[in-house]
């Protein structure tokens, strides 16, 4: 049974007519064509499906559509238009923080969520901030370095 | 900065932008009009005849696809070809694919799958190496409990044994490891007008092509395979993807529409290939002065239900298990046992991690038994240039093990810490660990990785070919089947070509391989991509450079087996590999005396990979491999109960998070290899193979016990500490 | 099955009458329990009533030495609140990951009723009191009375857990530790939570709870009673007696994560560490 659910998506009003029990990840990827959000495990373990809801990092594979009514959702497609992303991207490039790329959109959003609440994290805080985003390629070191670099270079951005 | 492809100096990866922006199109992201979905019905039991299957009738637009829909061969081509694409009246492991259900709505597919009833007559499964060894009949395949067995020797083993003063004997066991690539197995096939295109997540487009041709009985020109951005492989996408590729292709052929097959995580963990569990026994015979005169090594691997790549893994394991040591008298026997569990296959290191765990722990044990410094004892046995490998192949190139050892010692302060921790261990007596202070230890390992395919594979089987094409507009295109799986091949191969030609890297084009356009350069495995394929491309570029004035042309090169090498595949004598990459690790740990949990406080690595093509890519590969190695050593527990994997999701199968390990401090020891492009050897696997024994030795020192199995879990540490110390450790 | 989003607590209570429903706040446990493959709908067998957004369940107030936390407050919000003491926050910080903590709630943890629930050891040790609403009104229940066993609790079909009240005392000793497969984002193999108040060298109060060693969290009040008024003299006599008693209450199991031998050893080892090193008995 379909319901209309309204929310803000990447800064614009969105309206989806769908089964409200459907997972947000499926709505984003299949209904709205936003495939930057990835499915790695389907149970909130890997973070590849991370999106921002009201600025907070959540696993979209665990969120039923009905729960985002009235909320503000940002996916990688929205975030990549921001100047914060431009800096994060440069730092990821400089540190070699992308290998296969599958965890990357989730990592970038996790970095954004972390820096939004803690613009000058130490290494431990960065490790914790991305601890819900699994990566099998990089061993995390380059990603941690990239986020630390972004916090140093991003004066005034966060 | 001018965009020149300096070798060594990092450049921005050419696949970076799309991946960072979430714009890279992975298989599950790709949309073709009318694409249907597919779900796989898999065996729920480890060994059985299938008596019948009760299938609900299907709504319009839905199809079943099974063995009866295979027009060609139902057996997947592989090193040894025995695995059916679809179960043919019987199943041999939990997760074996029986049939596909195909249709437009995934909810409906899920419901249909849930309504299917398979009626099995179960048979007694063989579930371990020991059960296979003990079996006198009821073998899974043919008349033997193992798929292959090997034996080779060196020198005069019997005489050396008779001259020995004493011996040290050990047995080691290693467990399964799951690749846990972030992107699960994914394929998308489109069959139109008698030809099929398969897009997907893979390491080896031509392996997939061969399988699709065989199963669909299609001529080569009617099968096109295109690799898409691939979210990690690590060996798990070396041969396994041929199964979902063939499934999707058959489904598309039957349904008349494109079919996409994406595994869910549980399905992926349960049914795809894994690292071989092993049991390795080593007996070393020593002279009165403590020089190792001879070794007798017995290797058993748990190969699972089909042979797959187990013969090649066993070969590499058998050749590597003698370690970095020049022991002139050897006897090595090895067996790959068949069991009713998922197929064991390729995983970064390919037998190396098992081999070096056993040999390095054994060397550690001997050195402690003799009261000698573990590093000094190893050094006294190091292989040297001019010596011969375990299979009698001349080691013609410089071997920089001493430099590797020195670099590690200096960086980690190994000597000082080893002495300190050994003293603390000795004075703590029975090590019940009742204080609050953590127990400390430091361990080291030395290892190698043979670069390129094992034995004469490059020459006899792969026969790699690569092409360069110069376009009118001055751009140059790389045409090779090497797959970018995160290891940076799209970037490093471009650098090699650009540097050789003296043109900007931006002028070199290299897309994901498409068999319609690229020749077969061999699989993306065995750390061969830069060393072998890169060299072919460099040779193409050298010719192209000489002909640069021509407007538009192609140059091709095929693999040439280096002069001076030889390999006897029947007796396993000669050069098992054209060249070796060498390395060492030091790992420092603290063991919590109350919870027995291990914290890693330092990791160091020193590696000879010839020359780096891109230092940042190299550093990334080292970091990632070390993390996988530490996971293998400590937390990646995968146990089979009644033939079924117990840990079947990423909650229960734990891979490292960002919170678990400190960053690796790595150093490269330059040692250019003249056959490799710009001196390069192989990189991808080397930094994983020696991590586990360095970790395990460190734990062993901290707790004053011998560690004999992987993974070294807290529960195992507790059991060890409850037992008496042995060997005066 | 469908999912409904009431606009108020009273509407939610109304939805709880009639056919069986399941309440969802953050969904971090339920969406995993009822997961279906990609593209298929989560496999709930009852209608889902969302309560995570309800303002009536989203408050956090600390006054009169009690922290009153609405059942749908995300763990991250509790952790970020400066008025919540560290001995309440610390176990919450070890749950899941940052994204999980943004969605998971104390109400969800309690109603999930897992013997390994990391927040539960803290709630048991601090004698948290639950307020439960139904159409008939409110009732209170101690958390240890509310949870009966793994995935079993006393929430009636028409009830909604609305508040968790945590009494705050001037504890000056605190120790929490969980043992797990890795350092982040892991389910406890075994966990220990302890708080105490020691003044003038004597134990004024002590409270301990063990997780994942029995069908519910273990709180050994008899062992605690042995220690009240005891001198923190470092002689380990009373701690031995208390630990001995706790050993008798612990009934761990073997499972895919760990073994009963390990759980018993580590639970008591952590308790010993707390009593001897932290409290000084």
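Residue numbers (this note's numbering), protein chains in the order written: chain A, 28 to 185; chain B, 1260 to 1988; chain C, 10 to 290.
Glycine is no exception: its CB is placed at the ideal position from the N, C-alpha and C atoms.
Given the structure is predicted, the values throughout are model-derived calculations rather than measurements.
Nearest-angstrom Cβ-Cβ length linking residue i and residue j, presumed shorter than 8 Å
i              : j              : result
residue 1318/B : residue 1367/B : 7 Å
residue 1200/B : residue 1312/B : Because chain B spans 1260 through 1988 in this model, residue 1200/B falls outside it and cannot be assessed.
residue 62/C   : residue 51/C   : Their Cβ separation, rounded to whole angstroms, is 18 Å, which puts residue 62/C and residue 51/C out of contact at 8 Å.
residue 243/C  : residue 289/C  : 6 Å
residue 1376/B : residue 1346/B : 15 Å between Cβ atoms; not a contact.
residue 1270/B : residue 1882/B : That pair is no contact at about 18 Å.
residue 119/C  : residue 177/C  : Actually they do not touch by this definition, with Cβ atoms about 18 Å apart.
residue 127/A  : residue 1490/B : 5 Å
residue 1969/B : residue 1951/B : 6 Å
Residue i in three-state terms, based on DSSP
i              : result
residue 136/A  : helix
residue 1340/B : coil
residue 1719/B : helix
residue 1690/B : A caution first: residue 1690/B carries a pLDDT of 49, below 50, which makes its placement in the model too unreliable to give a value.
residue 143/C  : strand
residue 1277/B : helix
residue 1461/B : coil
residue 1303/B : coil
residue 1297/B : strand
residue 79/A   : strand
residue 1713/B : coil
residue 155/C  : helix
residue 1741/B : coil
residue 1407/B : strand
residue 1421/B : helix
residue 1773/B : strand
residue 30/A   : strand
residue 121/C  : helix
residue 273/A  : Outside the shown range of chain A (28 to 185) lies residue 273/A, about which nothing can therefore be said.
residue 1356/B : strand
residue 25/C   : helix
residue 268/C  : coil
residue 37/C   : coil
residue 1988/B : Caution is warranted here: a pLDDT of 40 is assigned to residue 1988/B, below 50, making its placement in the model unreliable, and no coordinate value can be reported.
residue 1811/B : coil
Residue i vs residue j beta-carbon contact at 7 Å
i              : j              : result
residue 1845/B : residue 1639/B : no
residue 32/A   : residue 92/A   : yes
residue 1797/B : residue 1737/B : no
residue 73/A   : residue 1909/B : yes
residue 1779/B : residue 1621/B : no
residue 100/C  : residue 122/C  : no
residue 1731/B : residue 1810/B : yes
residue 1517/B : residue 1294/B : yes
residue 1289/B : residue 1470/B : no
Paired residues, beta bridge with residue i - DSSP
i              : result
residue 1312/B : 1377/B
residue 1779/B : Looking at the DSSP assignment, residue 1779/B forms no beta bridge with any residue, so it has no partner.
residue 1841/B : 1707/B and 1867/B
residue 1833/B : 1651/B and 1826/B
residue 60/A   : In DSSP, residue 60/A forms no bridge with anything.
residue 176/C  : 75/C
residue 1362/B : 1296/B
residue 1797/B : Answer is none; residue 1797/B lacks a bridge partner.
residue 1768/B : 1736/B
Contacts of residue i in chain F (Cβ-Cβ under 8 Å)
i              : result
residue 1744/B : No chain F is part of this structure, whose protein chains are labelled A, B and C.
Jot down the residue ranges of each uninterrupted alpha helix (DSSP H) in the stretch 45 to 110 of chain C, minimum 4 residues, whole runs only, in chain order.
84 to 89 and 95 to 102
Scan the stretch 1854 to 1941 of chain B and note each continuous beta strand (DSSP E) run of 3 residues or more that stays entirely inside, going in chain order.
1857 to 1867 and 1923 to 1927
Which runs of the alpha helix (DSSP H) at least 4 residues long sit entirely within the stretch 1651 to 1682 of chain B? Give them in chain order.
1660 to 1671
Which ranges would you report for the alpha helix (DSSP H) in the stretch 1548 to 1612 of chain B if only whole runs of at least 4 residues count?
1569 to 1579
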